[in-house]
Amino acid sequence: MTEEKDNVANNNEIVVDVRQETPDEASKLSNLAKATFAEFLGTVIYVFLATNTQYYSISPALVLVGLIIIFRNISGAHFNPVITLAVRMSGNMEGSKAMILYSGFQLLGGMVGAALSRIVLPHDNYMAHNGGATTLSNTVEVPSAIACEEL
């Protein structure tokens, strides 16, 4: 090996090592922190806007599409622990630690988004819309609603 290096140096050739190094632990941790924060922030924004759509002329689906466009390259834009579980089970997410962190920050983001809605909305409006929660109409029975959700 030393003889090869000497020959290269004597012939004035430039040797470039093109092997890619794997990211070190600090870089992985930094990327995971960015991704979990993106999941938290995206979930806060989504829950806040989705629970206040009666005051803004915007659909929750449109909000979600915008958030996916913004955060997809940072975290994958799951914003839902069930989506994170599905991505993990499909093999497109490395490590259970990431799945647990994503899900935890998504749940926390949902709580913060709901709390912001409660703070921002006047009490009467908040109560009139059940805090932004989806409720069944009087004409829909619970088994029918469950069947529709399952579809």
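As numbered in this note's numbering, residues 8 to 158 make up the sequence shown, in order. Glycine included, each C-beta is placed from N, C-alpha and C at the ideal position.
- Gly98 and Leu108 have their C-alpha atoms roughly 17 Å apart.
- CA-to-CA, the gap between Ser66 and Asn38 works out to about 31 Å.
- Of the candidates Ala45, Phe78, Asn132, Pro150, the residue whose Cα lies closest to the Cα of Leu115 is Ala45.
- Residues of the same chain with a CB within less than 6 Å of the CB of Ala68, apart from the 5 flanking positions on each side, do not exist.
- The Cβ atoms of Leu74 and Gly49 sit closer than 8 Å to each other.
- For the pair Ala121 and Thr58, the CB atoms are nearer than the 8 Å cut-off.
- The region 93-154 contains, as complete alpha helix (DSSP H) runs of 4+ residues, the segments 103-127, 130-135 (chain order).
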